Every structure is written in C-alpha cells, then in structure tokens.
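Trainee: First to last, the sequence lines map onto chains A and B. To convert, take the position in the first sequence, counting from 1, and add 14; that gives the numbering used here. To convert, take the position in the second sequence, counting from 1, and add 14; that gives the numbering used here.
Protein chains: 2
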Amino acid sequence: MIKQTKVLAFDVFGTVVDWHGSIAAEVKRLNLAADPNEFATAWRTGYKPAMAKVRSGKLPWTKIDDLHRLILDDVLNLFNINSLSEDQIHELNLIWHRLTPWIDTVKGLSRLKSKFTIVTLSNGNLGLLADMAKHASLPWDLILSAEVFRHYKPDPETYLGVANIFDIDPEQVMLVAAHKDDLVSAKACGLKTAFVERPLEFGPHVTRGDLQQETFTDYHAKNIEDLASQLGC
Amino acid sequence: MIKQTKVLAFDVFGTVVDWHGSIAAEVKRLNLAADPNEFATAWRTGYKPAMAKVRSGKLPWTKIDDLHRLILDDVLNLFNINSLSEDQIHELNLIWHRLTPWIDTVKGLSRLKSKFTIVTLSNGNLGLLADMAKHASLPWDLILSAEVFRHYKPDPETYLGVANIFDIDPEQVMLVAAHKDDLVSAKACGLKTAFVERPLEFGPHVTRGDLQQETFTDYHAKNIEDLASQLGC
Chain A
15 MIKQTKVLAF
25 DVFGTVVDWH
35 GSIAAEVKRL
45 NLAADPNEFA
55 TAWRTGYKPA
65 MAKVRSGKLP
75 WTKIDDLHRL
85 ILDDVLNLFN
95 INSLSEDQIH
105 ELNLIWHRLT
115 PWIDTVKGLS
125 RLKSKFTIVT
135 LSNGNLGLLA
145 DMAKHASLPW
155 DLILSAEVFR
165 HYKPDPETYL
175 GVANIFDIDP
185 EQVMLVAAHK
195 DDLVSAKACG
205 LKTAFVERPL
215 EFGPHVTRGD
225 LQQETFTDYH
235 AKNIEDLASQ
245 LGC
Chain B
15 MIKQTKVLAF
25 DVFGTVVDWH
35 GSIAAEVKRL
45 NLAADPNEFA
55 TAWRTGYKPA
65 MAKVRSGKLP
75 WTKIDDLHRL
85 ILDDVLNLFN
95 INSLSEDQIH
105 ELNLIWHRLT
115 PWIDTVKGLS
125 RLKSKFTIVT
135 LSNGNLGLLA
145 DMAKHASLPW
155 DLILSAEVFR
165 HYKPDPETYL
175 GVANIFDIDP
185 EQVMLVAAHK
195 DDLVSAKACG
205 LKTAFVERPL
215 EFGPHVTRGD
225 LQQETFTDYH
235 AKNIEDLASQ
245 LGC
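(1) Quick check: what's the CA-CA separation for Y166(A) versus T229(B)?
(2) Quick one: list the residues of chain B neighbouring F27(A), beta-carbon separation under 8 angstroms, in chain order.
(3) Kindly list, in the order they appear in chain A, the residues whose Cβ is closer than 7 angstroms to that of F180(B).
(4) For K148(A), would you say it is in contact with chain B, using Cβ-to-Cβ distances shorter than 8 angstroms as the test?
(5) Which residue comes first and which comes last in the alpha helix (DSSP H) that contains H111(A)?
(6) With 8 angstroms as the threshold, decide whether the Cβ of I157(A) is near any Cβ in chain B.
(7) So, helix, strand or coil for H234(B), using DSSP?
(8) Roughly how many angstroms separate the alpha carbons of N94(B) and E215(B), rounded to a whole number?
(9) Going by other Cβ atoms of all chains shown within 10 Å of its Cβ, with 16 needed for buried, is I109(B) buried or exposed?
(10) If you measure between the beta carbons of I238(B) and L123(B), is that distance less than 8 angstroms?
(11) For V162(B), name the three-state secondary structure that DSSP assigns.
(12) Since T131(B) meets chain A, which of its residues come closer than 7 angstroms, beta carbon to beta carbon?
(13) Can you tell me whether Q186(A) is buried or exposed? The criterion is at least 16 other CB atoms within 10 Å of its CB, across all chains shown.
(14) How many angstroms separate the CA atom of A48(A) from the CA atom of T114(A)?
(15) Report yes if the C-beta distance between A64(A) and L81(A) is below 8 angstroms; otherwise report no.
(16) At 3 residues or longer, what runs of the beta strand (DSSP E) sit wholly inside the segment 38-119 of chain A?
(17) Nearest chain B C-beta to V120(A) closer than 8 angstroms, yes or no?
(18) If I follow the unbroken alpha helix (DSSP H) through A202(B), where does it start and stop?
(19) May I ask you to report which of helix, strand or coil DSSP gives S136(B)?
(20) Taking 7 angstroms as the limit between beta carbons, can you name the residues of its chain near L174(B), skipping five residues before and five after?
(21) Cβ of V31(A) less than 8 angstroms from any chain B Cβ?
(22) Can you tell me whether T59(A) is buried or exposed, with buried defined as 16 or more other CB within 10 angstroms of its CB?
(23) Give me the chain B residues within the contact set of V187(A), using Cβ-Cβ distance strictly less than 7 angstroms, ordered along the chain.
(24) With three or more C-beta pairs closer than 8 angstroms as the rule, is the segment 17-24 of chain B touching the segment 71-88 of chain B?
(25) Use the C-beta contact count for P153(B): other C-beta atoms within 10 angstroms, 16 or more gives buried, fewer gives exposed.
(26) For D88(B) and Q102(B), what's the separation of their Cα atoms in angstroms?
(27) Any idea if R212(A) is buried or exposed, counting beta-carbon neighbours within 10 angstroms, 16 or more meaning buried?
(28) In chain B, which residues lie less than 8 angstroms from D79(A) when you measure between Cβ atoms?
(29) Who are the near neighbours of R125(A) in its chain, counting only those whose CB is closer than 6 angstroms to its CB and skipping five residues on each side?
(30) From what residue to what residue does the beta strand (DSSP E) around L189(B) run?
(31) Looking at chain B, is there any beta carbon in it that lies within less than 8 angstroms of the beta carbon of V210(A)?
(32) Looking at the unbroken beta strand (DSSP E) that takes in T221(B), where does it start and where does it end?
(33) Helix, strand or coil, according to DSSP, for K129(B) in the structure here?
(34) Kindly list the residues whose CB is nearer than 6 angstroms to the CB of F27(A), restricted to its own chain and excluding five residues on each side of it in sequence; keep chain order.
(35) Can you tell me the Cβ-Cβ gap for T134(A) and S97(A), rounded? I've got them flagged as a contact below 8 angstroms.
(36) Can you give me the Cβ contacts of A191(A) inside the same chain, cut-off strictly under 6 angstroms, excluding the 5 residues immediately before and after it?
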C-alpha cells in the first residue's frame, strides 16, 4: 500500500528564494567595483567545493555562514575590492539571511501548508533560515537544516532525517527542489520528488538547459503555486 | 555595554501549553478507568527521571515521544488499564503533539514576535513541537529542541546553543519559563530570564507555592500577554 505524502521538504537557495538576484542587487546597492552578476556567480561557485570539504572530513563541521564568509573573502580578493571594513564585510555576508523569495513563493507555500506539513531541508544554517523566514514571511511549519543532522545534502542522513523527525516512512516525504542532483539523491533514499523550474536562478545571462521533465521526478512544476495546484491545494 | 535582547526562548510544556488540562481532557474523552487528574500527574511525574537517565548516560539519546511512551506503559499498568489496542496507545501517546495553549499564548507570542525573534527551547522533540505549532497556530520564528543539541535541559549546551545558533551573546537571549529550576540554570549560563506564573499548571487541585518574585528573574509576568506589555510590545 502506498502511504500518503505528509511532509513537503523544500530546498531553499534557488528553489524558494532568488539568491542570484538578491546578491546582485546588494552589490549594486553597495556600489562595489564588480559586475553584480559575476560577483553573485563567483560567490555561489565556491559553495559546493566548500561543503565538499566538510562532507569529506577535510574541514570539521562548519556552518554555511562561516563557509560563505571564507568564500566571500576569496571573492573580494578576486575582484580586488579593499574598500570594505570588517563590519561591512560581516554585514555583506549576512545578505544570505535576507534573500528575496520568488514571486510565487509565499502564496504557494501558504496554499501547500493547508494540506501538508511544509519544512525546509536546506544546507543553510538554522539562524540564517530563521532570519530569512522572518524577513520574507515564509510560513514554515518547521525549519530543518543540515545543521540539525550535521550532514550536508546530498548525504542520505539529511533526506532520511526528515522522515525520522516525523516518524514516517521516506515515501511520505517529498523533496521540492530546482536542482536535479538534489532530487536524484532524495529519490535514492525513497523520497517522493517535485522539480520546480527556476529559469532565472543563475541570473539573466544564463539559460538553463536542464528544465525538461525527468523520470525520477514525481511532479514537475513551473513554480510553487503550480505545484500547489497539481497537489490539489 | 549591555547588549540588547534579540531572542526570546520559550519553555513549552506548562509555560506555553496546558499539558495537565489537555491530558486530563483526553483521559475523559477516552473514558479510561482512571481519575483524569491523577493520570495526567502520573504521566508527567515520570518525565524528569526518564530524562535524567539520558542525561546521565544510562539511556542512549532517546527522544521525548519514546520516553513518553515508556512512561505511558508504566502508567497504564499502574491504573490497570488493559482496554487499549497498540494503535490506541500510540494515538494516546501523541496527545503531547496536540496540547492546548493557555488563553493568552497565541496573542502574547504574536505581539512579542513583532519586536523579538521568538523560539522554543523545549525538551520536546522537533516533530512533536512542529505538530503542536501547526495544531495550535503558535507563530514561532524557529523551533529549537533538545533534539537539536542532543542534550536535555538543564544541560548548559541547550541554553548556550540558542545563542550559538543566532551568533549572539548569551545575554542577548531571554529564557521564558514557568519553572524556576529552568530559569536558574539559564541564568547560570548568562541568559536573561522571565518567569511566567502558571497557577493551574499542575491541575485544579494543586496550589503552587512558588509563584513569588525572585532575584534571579529579570522579568516576572502573570502571563505571556503581560510579558509582551512589560517588554513594550
């Protein structure tokens, strides 16, 4: 017997909020001597390699705020930006706490919340995700993070951890993400999967070539409101 | 320089929700052959000794749902109740996920949320606290639990853990609780403290003798709405 889906677990950066647009806007606002899109791309490019160091044990457990700061220092060097004080760099690093949701996010989540338990499953740390939710009025039932499991996605401990927290089977959890590698890993753990297209995730100059339907996704949605409609909310 | 309070961390069982009244009502609803108030008291009496076994290492990490179930089995034996099926016992154990908030709770928390980040700091597990928040519309910014820190209160790791999550000093966190032992332990870790009177926490037949003002509390409130008023919300 197939058990009902109870929990929707959302990837956050790119799926729920627009990291590229938010960072580019902040670079413009601060008048930094860098192309805003290139700066945003460079900062995000350091993200997976930094987490890989934690996942492989090269670095001890380090939260995303601190990884973001390590990468930011490199990016500022790369662009030869020396104009910021320590306080200003710290403040810039916290832009990840204030990322802007996509236009369909808040309404879509609110609709889904009426039928499902909606949670985050993000590599972002708890303080970051709580600040973001407060800033952007994201109506999570529970904020879950790699920080709870002390493992970064795509480690299985994260996907299976959600099921364990709610004492349900993995098939009763659906991962919602704009990234196919995340969905493949969730599927391998027995979760349901929903892909959300985010054509502008990497900025206005990057055309994503991976928005087609796949066999490993149970749902394929234009955005979170579309997913809510497909799930009968 | 004294830094501003940023985060209010709430004890939950007794402070935010009425465990005694909710359990007694469930015992009545199920027509169990036991005095509802005695049943509620007996279940809760097993709580601290069970956690103490985890804190001392006698038991490995065990979440509250499972500790509640161990105690419930004992309580059902104590009252010679053999009428429940395994499914019914499991369902009864989940009453802790559906506890009723005190009448001032939701409005008080909503007022406090406008000025502070409001979080739980409970020994209840994450799934329990998320279900409770959804059921009772508790507007938490973040649900924190002993389960995140793998330590039960009053271990210092829990109180200091809240400050660490938000990257702030312990004095910028205020514990709000109806239990003085919890507040004493928080104070010892450098947190601010607020006591909330809950004269009916232990049921209608128990008069609490510990509701007087203390030197180790920064605030002393009749209820959560009163605390919101005292904090200018």
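Positions of the beta carbon are idealized from the N, C-alpha and C atoms, including for glycine. In this text the structure is predicted, and so the values were computed from the model without any measurement.
Mentor: Reading from the atomic positions:
(1) 44 angstroms
(2) Per Cβ cutoff of 8 angstroms: no residues; F27(A) is ~18 angstroms from chain B at best.
(3) Under the 7 angstroms cutoff, chain A gives G141.
(4) yes
(5) Careful: H111(A) lies outside any alpha helix (DSSP H) and carries neither H nor E.
(6) yes
(7) strand
(8) Using only the alpha carbons, I get a separation of about 26 angstroms.
(9) buried
(10) yes
(11) helix
(12) Neighbours of T131(B) on chain A, chain order: A144 and K148.
(13) buried
(14) 21 angstroms
(15) yes
(16) none
(17) no
(18) Its alpha helix (DSSP H) spans residues K194 to A202.
(19) strand
(20) P184 and C203
(21) By this cut-off, V31(A) is not an interface position.
(22) exposed
(23) None at all; the shortest Cβ gap to chain B is about 12 angstroms.
(24) no
(25) exposed
(26) Cα to Cα, the separation comes out at about 15 angstroms.
(27) buried
(28) Residues of chain B whose Cβ lies closer than 8 angstroms to the Cβ of D79(A) are, in chain order, D181.
(29) A242 and C247
(30) V187 to A191
(31) no
(32) Segment: none, T221(B) is in no beta strand (DSSP E) and carries neither H nor E.
(33) coil
(34) The beta carbon of F27(A) lies closer than 6 angstroms to those of W33 in the same chain, with the five residues before and after it left out.
(35) That belief does not hold up - the Cβ atoms of T134(A) and S97(A) are roughly 34 angstroms apart, past 8 angstroms.
(36) D25, T29 and L197
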